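These protein sequences, in sequence, are chains W and U. Residue 95 in the working numbering sits at position 95 of the first sequence, with consecutive numbering throughout. If you want the working numbering, it's the position in the second sequence, counting the first as 1, plus 1000. No residue lacks a Cβ here, since even glycine has one placed at the ideal position from N, Cα and C. Since the model is a prediction, treat every value here as computed from it, not as a measurement.
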Amino acid sequence: MAEGVYAGSHRSARRGAGVEFGGHRAYTPGDDLRWLDRRSLLLHDRLLVRQFETETDRALRLVVDATTSMGYRGTGAPGAKLAFSALVSAALARVAVSSGDPVGLTYFGGGPNSRSLPVSGGREAFERILGSLEAAEAGGDARADASVLERALAIIARSARRGSIVVVLSDLLDLPEVAADRVSAIATRGRVLVVVQVLDPDEVSLPFEGTVRLRSLEGDVVVETDVEATRARYLAALAELTSEWDRALAARGARFVRAVTTDDPVRIVREIVQAAR
Amino acid sequence: MHFVYGLALLAAVLVAAPYFAHRLRRRRGEERVFAAARLVPPAPPRARRRSKLEDRALFGTRALAVVGLAVLGASPLVRCSRLALQRPGGASVAIALVVDDSMSMRALSSGTTRFDRAKEGARQLLASTREGDAVAIVLAGAPARVALAATTDLGAARAAVDALVQSDRGTDLDGAIGMSHALIAQLPQVDRRVVVLSDLADGHPDGPPIGEGTEIPTWVALPELREPAADCGILGADRLGPRVRVRIACSHDATALGREVTLLDGDRVVARAAAPSGESGETTLMLAEPADGGPPAAQADSLQAHLTGTDAIAADDTAPVVIEAGPGSIAVVADSVDELAVTGGAPVVEQALAALELDVAVRPIPALPDRSEDLAPFAGAILDDPPGFTPEERRALGSFLEGGGVVLLALGPRAAAAPLGASLDPIVPHAVVWGPTPVPGVDPATSAGVLAESATSLQDVAAKSRVTLAPEDVGNFEPLLKWKDGPLFVAKRSVGRGEAWIVTLPFAIDASDLPLRPAFLALLDAWAAEARARAAPRRTDVGVAWAFPGAHGVTVEGPAGRVPVVYDGPVARVVPPLLGTYTVSVDSKRELRVASLVARELDLRPRGAAPAAGGAGLGDSHAAIDISSSIALLLLGLTVVEMTLRLRARTRAVAET
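Structure follows, in structure tokens:
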């Protein structure tokens, strides 16, 4: 799947010496005088320095939500949200490894077999990531225990270097209220952040009928509702949630991708790669 | 059990049927796991929403209708614990309600006083009366009195019952029942009854049963009022100097063992002692100087004696401390010059008063004051053979006597030779005669009261002369002792609220040997006791009327405020209804009076009731209640409401379509 998605190098976030022009910036004392733009000095009487983009390797950090809600699988879905996230993550890892970029894997939540992996490159790293994703199981309550998310984000914030690509895969449904701010904060210090919302088909359509009592998987919420009467309001609330995340991410230069487990995973991986460019 | 009860139970089950049907319709929805449940707004099920307004109202209406029908069907069986009159003949009845408002009715029973229960019983009985019935209300607190004369105005009867208030009086059941008979005996109603709402505790537990042998049937209702109870109370608390004597009595077979008697000056306890252990007894407490430097308790004029602990009646556990002897002194008007020559010292009457060691000051004054305020500090005055009174002296003496003073007037030759313009009025209005004594000595058989024991010492009293009153004045006096030949020797009369005593011999040694006789000391002692008693607050049993003859303006402030004054011709009467201290103002002169507990009221043992007084055929404690008309009106109203609701629902359905 990864082979059909992407092959070749990508642009670096690091600017400096290189061959492809990357724009101008104001001269500051200490800059290399070789890159001083003499034509600008003559034409505009301003000291500007020419910049160039440098091709370099970029680490891929996969952050997978493995809380209990990600184990949900509706009646019309081919698999649980966590399984879909694992599939997409594996494809992304394959793409990165093929490009020579190192890959790391971090879970928030998850069962005892959901082991995070440090950033490393090569075939063996891909195999380890594949093994971890296959063994991952849903568990934990991010709504009741805010530290579940905080711990994962702290690792990323501390270890992801400038130029790293961070891909977060989550349903975003049962995260704490401050999650959007915390997650979007990763997109600083030259890091590229892509948040992928993975939803079940039931969650995008609310297909139930009549009066049902809906029990959440996290947060111990029980709602008795008449589906026909409240479906429109539910979809509006879901759209509002999505919009909130989109706004929070856009404000930090991050990207938002939405996926349903019935979607073509290839298309989703391609969208992620495009967003990460 | 009547078979109808089964049907009533079945109806009760049916009453619940609509409710269960409603609950079944409101069953819960199926539970499902859904990760995004947090985003789903709650909404009641459609059926519940639909039934929220119109169905709920209809449900309530119909449920009420079913309940109403059930109650309507069961109304002949509905009874509750309340008093009601029975009407075997169906005719109008005349009832006399005897409501006991005595002290013993303050006993608590199930959190409420017996009096309140009796009052409630009277209300219930009035609720069962009909147009044409006659009602009279008599209160059994002593003395028995009519609260409402027989009337067919049932509204007035209800108002009279509402206006009844508890008192601390004794009990006069026989008087109240007799009064009730008199009130309804002449009424045209053939069916006449007396209903007694009392605990029957009138202090005569062995008296004849209530309702026995009476012409008019008597029903002694509310047996719960006669439940056994124990009570202790303070009969009186008297203070003489720093010594306070508290008398306590208890109900039959009850004691105040383990309780304490305390003296309270406001909230401060100034003395305490253990209560006597028997059914009755007294405890003496000494007022001591307070250790904390506060005001001396002995000077406090508002001490209260309090019996600690709890019993059936709390009101009789506190009583005001009454000063036993008045604080006033005794004025002595005697001719000290002549007496000095005979006795070699003070006049003999002063020496006799000193010998009696009375707890009161004796003040010799040269002449009777001619201003009333100069006599006011004295509890009594002894006038030894005055040469008549001037008009100013007469006015001052009259005011003194009207205000409650006591005078001892010894008549002698000077009194008989009063100068022109002087007289002995207001004590002896007419002139007296000083003349020889035909038969010496007094007749002990004529002695009465205080001189009864000592009169024999005067059998041969030697007096050459004596004073004889004018015949017009003799009838005004109450003889205490007479001469052997019949004229008064010692007598007394009331003047206003005071009292005047006369002796027809002067207290001089040279006139007679009266001052040397033991009876002389007895006479002075008795007179001084009367003077002191009148200076002290007067204590009477609660409920006993105080009479103020000739008083123009009488106001009485009691523990519960101003007490009404009834004028019976020239006599003003006041009945203290509650225990405690009363401030009496008579023609602007103030005095204190105390209404004390009637000891009989502590005996809570009820008198017996005749078997015929059980109420058979007269009344019922579990009355049937006719509520069919009210239920029928309710059902009619519910029908209208249901029709309105259905019409609204149909209009709404058409609009939605």
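Closest Cα partner of Gly-1203 of chain U within the set U:Glu-1215, U:Cys-1250, U:Glu-1224: That would be U:Cys-1250, whose Cα lies nearest to the Cα of Gly-1203 of chain U.
Beta-carbon separation of Leu-1461 of chain U and Val-1432 of chain U under 8 Å? Inspection of the sequence shows that residue 1461 of chain U is occupied by Val rather than by Leu. Not a contact, by the Cβ cut-off of 8 Å.
Given a cut-off of 8 Å, decide if Val-1574 of chain U and Ala-1612 of chain U are closer than it, judged by their beta-carbon atoms. One thing to note: Ala-1612 of chain U has its Cβ no nearer than 8 Å to the Cβ of Val-1574 of chain U.
Measure the alpha-carbon distance for Thr-1152 of chain U versus Pro-1188 of chain U and round it to whole angstroms. As the crow flies, the alpha-carbon of Thr-1152 of chain U is around 11 Å from that of Pro-1188 of chain U.
Closest by C-alpha distance to Gly-1006 of chain U, when choosing among U:Ala-1070, U:Phe-1034, U:Pro-1506, U:Pro-1347: That would be U:Ala-1070, whose Cα lies nearest to the Cα of Gly-1006 of chain U.
Can a CB atom of chain W be found closer than 8 Å to the CB of Arg-1648 of chain U? No, Arg-1648 of chain U lies away from the interface with chain W (no Cβ there is under 8 Å from its Cβ).
Contact the region 128-141 of chain W vs the region 95-105 of chain W: 3+ CB pairs below 8 Å: Judged by Cβ distances under 8 Å, the region 128-141 of chain W makes contact with the region 95-105 of chain W, as three or more pairs qualify.
Answer yes or no: does any C-beta atom of chain W fall closer than 8 Å to that of Glu-1120 of chain U? Cβ-Cβ to chain W under 8 Å: no for Glu-1120 of chain U.
Inspect the beta-carbon positions of Val-269 of chain W and Val-119 of chain W and report whether they are closer than 8 Å. No.
Three-state secondary structure (DSSP) at Pro-1387 of chain U? Reduced to three states, the DSSP call for Pro-1387 of chain U is coil.
Helix, strand or coil for Asp-1443 of chain U? Go by DSSP, reduced to three states. Reduced to three states, the DSSP call for Asp-1443 of chain U is strand.
Is there a Cβ of chain W sitting closer than 8 Å to that of Leu-1039 of chain U, yes or no? Cβ-Cβ to chain W under 8 Å: yes for Leu-1039 of chain U.
Run down chain U in chain order and give the residues with a C-beta less than 7 Å from the C-beta of Phe-84 of chain W. Chain U residues near Phe-84 of chain W: none, gap ~13 Å exceeds 7 Å.
Glu-1557 of chain U - DSSP class collapsed to helix/strand/coil: In this structure, DSSP gives Glu-1557 of chain U an extended state, which the three-state scheme calls strand.
When the Cα of Ala-160 of chain W is compared with those of W:Lys-81, W:Gly-74, W:Leu-62, W:Val-95, which residue comes out closest? Proximity to Ala-160 of chain W across W:Lys-81, W:Gly-74, W:Leu-62, W:Val-95 peaks at W:Leu-62, based on C-alpha coordinates.
Let me confirm a value: Leu-1240 of chain U is counted as buried when at least 16 other C-beta atoms fall within 10 Å, else exposed. Which label applies? By the Cβ neighbour-count rule, Leu-1240 of chain U is exposed, with fewer than 16 other Cβ atoms within 10 Å of its own.
Could you give the C-beta distance for Leu-149 of chain W and Leu-175 of chain W, rounded to a whole number, given that I count them as a contact under 8 Å? Taking C-beta atoms under 8 Å as the contact rule, Leu-149 of chain W and Leu-175 of chain W qualify, at a distance of about 6 Å.
Just checking my contact of Ala-96 of chain W with Leu-60 of chain W at CB under 8 Å: how many whole Å lie between their CB atoms? Correct: roughly 4 Å between the Cβ atoms.
Determine, for Arg-1106 of chain U, whether the minimum Cβ-Cβ distance to residues of chain W falls below 8 Å. Chain W contact via Cβ: absent.
Please confirm whether Glu-203 of chain W has its beta-carbon closer than 8 Å to some beta-carbon of chain U. True, the Cβ-Cβ gap to chain U drops below 8 Å.
Using 8 Å for Cβ pairs, my map puts Thr-1283 of chain U next to Ala-1275 of chain U. What's the rounded Cβ distance? Indeed, because the Cβ distance is near 6 Å, the residues count as touching under 8 Å.
If I measure Cβ to Cβ from Glu-209 of chain W and keep anything under 8 Å in the same chain, skipping five residues before and after, which residues do I get? Annotation for Glu-209 of chain W: Val-227, Glu-228 place their beta carbon closer than 8 Å to its own, counting only its chain and skipping 5 residues before and after.
Where Ala-1185 of chain U falls, given that 16 or more other Cβ within 10 Å makes a residue buried: Counting of Cβ neighbours within 10 angstroms places Ala-1185 of chain U among the exposed residues, the total staying below 16.
If contact means a Cβ-Cβ distance below 9 Å, which residues of the region 210-230 of chain W contact chain U? Within the region 210-230 of chain W, the qualifying residues are Gly-210, Thr-211, Val-212, Arg-213, Leu-214, Arg-215, Ser-216, Leu-217, Glu-218, Gly-219, Val-221, Val-222, Val-223, Glu-224, Thr-225, Asp-226, Val-227, Glu-228, Ala-229, Thr-230.
Using the C-alpha atoms, what's the distance from Arg-46 of chain W back to Gly-122 of chain W? Looking at the two C-alpha atoms, the distance is approximately 47 Å.
Compare the beta carbon distance of Val-1490 of chain U and Leu-1481 of chain U with 8 Å and say whether it is the shorter of the two. Cβ distance < 8 Å, so Val-1490 of chain U and Leu-1481 of chain U count as in contact.
Answer yes if the region 67-74 of chain W comes into contact with the region 162-181 of chain W, meaning at least three C-beta pairs across the two stretches below 8 Å, and no otherwise. With the cut-off at 8 Å, the region 162-181 of chain W and the region 67-74 of chain W touch.
Let me see if you follow: with CB-CB separation under 8 Å, is Arg-1056 of chain U close to chain W or not? No, Arg-1056 of chain U lies away from the interface with chain W (no Cβ there is under 8 Å from its Cβ).
So Arg-267 of chain W is in the beta strand (DSSP E); what residue range does that whole segment cover? Looking at the DSSP string, Arg-267 of chain W is not in any beta strand (DSSP E); the run it does join, the alpha helix (DSSP H), is 265-276.
By how many angstroms is the C-alpha of Phe-1034 of chain U removed from the C-alpha of Asp-220 of chain W? Between the alpha carbons of Asp-220 of chain W and Phe-1034 of chain U lies a distance of about 11 Å.
With Arg-231 of chain W as the anchor, note down where its beta strand (DSSP E) starts and where it stops. Counting along the chain, Arg-231 of chain W falls outside any beta strand (DSSP E), though it belongs to the alpha helix (DSSP H) covering 227-251.
Between the region 237-259 of chain W and chain U, which residues of the former have CB atoms less than 8 Å from a CB of the latter, in chain order? Those residues of the region 237-259 of chain W that come within reach of chain U (Cβ to Cβ, closer than 8 Å) are Ala-237, Leu-238, Leu-241.
Mark Leu-1257 of chain U as exposed unless 16 or more other C-beta atoms lie within 10 angstroms of its C-beta, in which case mark it buried. Per the 10 Å Cβ criterion, exposed.
Leu-87 of chain W touches chain U at which residues, Cβ-Cβ below 9 Å? Residues of chain U whose Cβ lies closer than 9 Å to the Cβ of Leu-87 of chain W do not exist, since the nearest Cβ in that chain is about 19 Å away.
Under 8 Å by Cβ, that's how I've got Arg-1607 of chain U and Gly-1207 of chain U pegged, so tell me the actual separation to the nearest angstrom. That belief holds up - the Cβ atoms of Arg-1607 of chain U and Gly-1207 of chain U are roughly 5 Å apart, short of 8 Å.
CA-to-CA distance, Ala-1511 of chain U to Thr-1437 of chain U, given in whole angstroms: Computed Cα separation, rounded: 12 Å.
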